[in-house]
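Remarks on the structure that follows.
Number of protein chains: 2
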Amino acid sequence: MDRTHEQEEIVQMWERMETAIQLGKIDQFRAEFLELHPYDQATFFKEQAKEIRLKIYTYLSPEEMAEIIENIGVDELDPILTEMEPRFASQILGEMSTDDAVDVLNTMDQNEVASFLTIMDKDAASEIKDLLHYEEKTAGSIMTTEFVVVNTGMTVRDAMVHLRKEAPDAETIYYVYVVNQEKHLVGVISLRDLIISEEDWFISDIMSDRIVSVPVGENQEDVAKMVRDYDFLALPVVDFQNHLLGIITVDDIMDVMEEEASEDYSKFAAVADMEKDLNAFSAAKKRLPWLIILLFLGMLTASLIGRFEDTINQVALLAVFIPLIAGMAGNTGTQSLAIAVRGIATGEIEKEGKVKLLIREAGTGLITGTCCGFLITIIIYLWKGHFFLGLLVGISIMFTLIVATVAGAIIPLLMHKMKVDPAVASGPFITTINDLISVLIYFGMATIFMELLLH
Amino acid sequence: MDRTHEQEEIVQMWERMETAIQLGKIDQFRAEFLELHPYDQATFFKEQAKEIRLKIYTYLSPEEMAEIIENIGVDELDPILTEMEPRFASQILGEMSTDDAVDVLNTMDQNEVASFLTIMDKDAASEIKDLLHYEEKTAGSIMTTEFVVVNTGMTVRDAMVHLRKEAPDAETIYYVYVVNQEKHLVGVISLRDLIISEEDWFISDIMSDRIVSVPVGENQEDVAKMVRDYDFLALPVVDFQNHLLGIITVDDIMDVMEEEASEDYSKFAAVADMEKDLNAFSAAKKRLPWLIILLFLGMLTASLIGRFEDTINQVALLAVFIPLIAGMAGNTGTQSLAIAVRGIATGEIEKEGKVKLLIREAGTGLITGTCCGFLITIIIYLWKGHFFLGLLVGISIMFTLIVATVAGAIIPLLMHKMKVDPAVASGPFITTINDLISVLIYFGMATIFMELLLH
Chain A
1 MDRTHEQEEI VQMWERMETA IQLGKIDQFR AEFLELHPYD QATFFKEQAK EIRLKIYTYL
61 SPEEMAEIIE NIGVDELDPI LTEMEPRFAS QILGEMSTDD AVDVLNTMDQ NEVASFLTIM
121 DKDAASEIKD LLHYEEKTAG SIMTTEFVVV NTGMTVRDAM VHLRKEAPDA ETIYYVYVVN
181 QEKHLVGVIS LRDLIISEED WFISDIMSDR IVSVPVGENQ EDVAKMVRDY DFLALPVVDF
241 QNHLLGIITV DDIMDVMEEE ASEDYSKFAA VADMEKDLNA FSAAKKRLPW LIILLFLGML
301 TASLIGRFED TINQVALLAV FIPLIAGMAG NTGTQSLAIA VRGIATGEIE KEGKVKLLIR
361 EAGTGLITGT CCGFLITIII YLWKGHFFLG LLVGISIMFT LIVATVAGAI IPLLMHKMKV
421 DPAVASGPFI TTINDLISVL IYFGMATIFM ELLLH
Chain B
1 MDRTHEQEEI VQMWERMETA IQLGKIDQFR AEFLELHPYD QATFFKEQAK EIRLKIYTYL
61 SPEEMAEIIE NIGVDELDPI LTEMEPRFAS QILGEMSTDD AVDVLNTMDQ NEVASFLTIM
121 DKDAASEIKD LLHYEEKTAG SIMTTEFVVV NTGMTVRDAM VHLRKEAPDA ETIYYVYVVN
181 QEKHLVGVIS LRDLIISEED WFISDIMSDR IVSVPVGENQ EDVAKMVRDY DFLALPVVDF
241 QNHLLGIITV DDIMDVMEEE ASEDYSKFAA VADMEKDLNA FSAAKKRLPW LIILLFLGML
301 TASLIGRFED TINQVALLAV FIPLIAGMAG NTGTQSLAIA VRGIATGEIE KEGKVKLLIR
361 EAGTGLITGT CCGFLITIII YLWKGHFFLG LLVGISIMFT LIVATVAGAI IPLLMHKMKV
421 DPAVASGPFI TTINDLISVL IYFGMATIFM ELLLH
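Going line by line, the protein sequences match chains A and B.
Residues in the first sequence are numbered consecutively from 1, following UniProt numbering.
Residues in the second sequence are numbered consecutively from 1, following UniProt numbering.
Next up, the structure:
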């Protein structure tokens, strides 16, 4: 079946479902709709107008709606939850995976949260309350409490019986965690190992006791790195006494990875965070703080050039090359910055050594600086017929590129050392710093060699 | 058990293992080493000197070594595979997951690959050959052929027997794929569903037949997005006739996500790709092409300012604010570029509409431009006591920010439309373009209003 054919079929199916809703043919709609993967259900649901959505609420159970809601981004949920009956909404929240429900509640104000929890099923409410107080971006904030746990004393048969019972509610049943009588996490066994074991073997004999876990306060980025390195499908979360508190599953880890990648990227561009569904005012509000800081940094550069006003008065031609030199400094700084920030994020630099990186960057700056400097000297000589001006710009570019390349690497390393997230050292920030450095080098040299220029 | 205690224990264990190797106590080393997670085994192995590694090869089977090699980055493997006996190395490659073995072979030259395949076990060699010809970064290049497949006619009992037999070799057993007699992919069933089903039910009755699959030529980034959206642990890969060719598991998807994030990031900074273990020469070689292109773009800006040499001769003070204005244009352009590139990458912009984005960016530029322009007018007035100069710079900044903000969004959108990867529109590129725009606005206005400035 080819792609267009497939797409046509989807369009037809959507039309059938929409007609079924409009005609009130509940069974026909449910038969087709519930066959879909929850992600596709969510895609269909989101496209519908409000009056259709209101009908869908009456056709589906809270449990069925929960799966749809789990597949809609939390930032899109507010109008949806508001248009439902509060009791229905709270039932849905109760049926959702605890970690997903907590994500949704975290976007609401405290009064709303309290009122939802009050009308919610007691068990669900208490599970959610347990998770609500974990700090954002920690292991605790992304874990779920719906995991399968067995005791060391059980046999494989007992464990499988228990597993089958827990399967409908558990986030994953592919890893089963083993606790001792004090509820300490002592082992893990995969379903893969369970099904190839004899039924009367003891869990304690076949479980793996070299268990990898994370403390509940661990940073979510480090948790993601661990899951990726170890190829886990889930990772247990423990408190400081090694009690099992929850698990983090790989699907949530993928969301964390996407979130962190977007975050690194936006910080690099000096945008507070990625903007969604924003109007111009809120976008401007997010970007202005950065722009104003950079404006003041730029004023420093301007006042520095101001000191060389006499020099410019003597040779106006000098001004022509300011953006070129400042620009090249910014470009090379951005390049080495990206290498350094990414190297820190992936842990590559820890292993390789910082001194080695700085030496390499200095070498890279020397080579690129020499090449670009040589090139520009020739171009300006050919263009303006002024050899000394060419040489001045060329040598300035050479020194600027060396210093700017090293600056691009050293600033994030210093920040990392000072426990500041190095991704905050954005491209524009480095570019503006390097503007300053390049102007200092250029006009410093021009003032020293003024004699030669005036010839 | 607290963290420091845990780390101490690891150090002690490493020392015990190292001593065991040096004393030739094979059993003692194996007992401790094989208890570890393969990722930890790899970490230990990588830290050892060559003579220790050569001993380890004699202590472990190819199958055991394969798990270690799978946990070492392909770019670090060359010295390791070279120092082994070729037969041992080819045995290891044969024991590895097919997709991982293919990744390793793809880093070698054709002669090496051919010689490894010749001495390899026939079955493994033929599986690897099948995968070697898929294009890089497609679904085919990251899939594995070790999956579990059952027929529609089987019962749950048959399927479980088959599953237990296949478990040791399969990449995952948590999804079982169902094919019909023509080997077409017709369904999927999770192990979760299998173990809660009655043993004499037919697979065809309980399988899900709305199966999501990807064509073998699909871009790996799109595959990753799919796995993340649908929360799959694995995704089947099919040919154009819907024959099941392989599966892609979530652990490989996480690697793809990491790779793509690094790639977007490095393109944004105008670095060809992330450099690993490079010296200054090869780093310079990768960055120079970009820098030279930007140098020529910068020369355009310089020649543009050259046309205003008379203006500068009249008011040298004008030159002071060139880097400030050009810098602000670069900064705001980088911000809106990041929003646009990321929005295209995540598919957010497709949904929202491009015109809406451009209007919003223009609005954002107007607001930030007005704020920054107003601020700079006041600062220059207070600093230089020159109101018209302040106003000139302020108004230039305002117009520059509007144009630069829109340019930052429009250029990646155009590239996307022209099927060029918009991430190539790097920060430095936009910054250099915006240098040009800003200089044009600034000196254009200065020339027009020269009268007022000379007062």
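Glycine included, every Cβ here is placed at the ideal spot set by N, Cα and C.
Using 8 Å as the limit for Cβ to Cβ distance, is residue i near chain B?
i	result
S396(A)	no
L36(A)	yes
E221(A)	no
E199(A)	no
D435(A)	yes
Q28(A)	no
S262(A)	yes
P323(A)	yes
T368(A)	yes
Go to residue i, then tell me how far its beta strand (DSSP E) extends in each direction, as first and last residue.
i	result
Y177(B)	175-179
N242(A)	No beta strand (DSSP E) holds N242(A); DSSP gives it neither H nor E.
S190(A)	185-190
N151(A)	149-151
On the DSSP letters alone, give me the boundaries of the alpha helix (DSSP H) that residue i sits inside.
i	result
V161(A)	156-166
N434(A)	427-448
N331(B)	322-345
M398(B)	387-417
K356(B)	354-384
N313(A)	309-314
G306(A)	280-306
L81(A)	78-83
L36(B)	Element bounds for L36(B): n/a, residue is neither H nor E.
K50(A)	50-59
E63(A)	62-70
Can you pull the chain B neighbours of residue i, defined as C-beta to C-beta under 8 Å?
i	result
V11(A)	Simply none; closest approach about 16 Å.
V212(A)	H37
T432(A)	G327, N331
Taking Cβ positions only, does residue i come closer than 8 Å to chain A?
i	result
P79(B)	no
Y57(B)	no
Q7(B)	no
Y265(B)	yes
M1(B)	Any reading at M1(B) must be qualified, since the residue scores a pLDDT of 44, below 50, and its modelled position is unreliable; no value is offered.
A404(B)	no
F449(B)	no
R164(B)	yes
M96(B)	no
Taking only the alpha-carbon atoms, compute the straight-line gap between residue i and residue j and give it to the nearest angstrom.
i	j	result
K241(B)	Q335(B)	Correcting the residue identity first, residue 241(B) is Gln in this sequence and not Lys. Spanning the two alpha carbons is a distance of roughly 45 Å.
A20(A)	M207(B)	26 Å
L298(A)	T431(A)	It should be pointed out that residue 298(A) corresponds to Gly in this sequence rather than to Leu. Distance between the alpha carbons of G298(A) and T431(A) is about 10 Å.
H184(A)	V238(A)	9 Å
E17(B)	I402(A)	Contrary to the premise, residue 17(B) reads as Met rather than Glu in this sequence. Going from the Cα of M17(B) to the Cα of I402(A) covers about 46 Å.
I305(B)	G373(A)	20 Å
D222(B)	G390(B)	50 Å
T155(B)	A167(B)	18 Å
I433(A)	E32(A)	60 Å
R164(B)	F116(A)	46 Å
For a contact defined as C-beta to C-beta under 7 Å, what are the partners of residue i on chain B?
i	result
Q48(A)	Here the premise fails: no neighbours, minimum Cβ distance about 15 Å.
I379(A)	M299
What does residue i reach in chain A if we use C-beta pairs closer than 7 Å?
i	result
Y230(B)	H37, Y39
M65(B)	Per Cβ cutoff of 7 Å: no residues; M65(B) is ~17 Å from chain A at best.
In chain B, which residues lie less than 9 Å from residue i when you measure between Cβ atoms?
i	result
D103(A)	Within chain B, no residue comes near D103(A); the closest Cβ sits about 14 Å away, beyond 9 Å.
L191(A)	I173, Y174, L191, R192, I195
Please list, in chain order, the chain A residues whose beta carbon lies closer than 9 Å to that of residue i.
i	result
D309(B)	Just to set this straight, residue 309(B) is Glu in the shown sequence, not Asp. Residues of chain A passing the Cβ test: A316, L317, A319, V320.
T82(B)	The contacting residues do not exist; T82(B) stays about 21 Å from chain A at best.
E135(B)	Under the 9 Å cutoff, chain A gives no residues; its nearest Cβ is about 18 Å from E135(B).
Chain A partners of residue i, CB-CB under 8 Å?
i	result
V439(B)	P323
Segments of 4+ residues assigned as alpha helix (DSSP H) that fall wholly inside the UniProt domain "CBS" (207-263) of chain A: Counting whole runs of 4 or more residues, the UniProt domain "CBS" (207-263) of chain A contains the alpha helix (DSSP H) stretches 220-230.
What residue ranges within the stretch 87-142 of chain B form continuous alpha helix (DSSP H) runs of no fewer than 4 residues, ordered along the chain? Within the stretch 87-142 of chain B, the complete alpha helix (DSSP H) segments of 4 residues or longer fall at 98-105, 110-119, 122-132, 139-142, listed in chain order.
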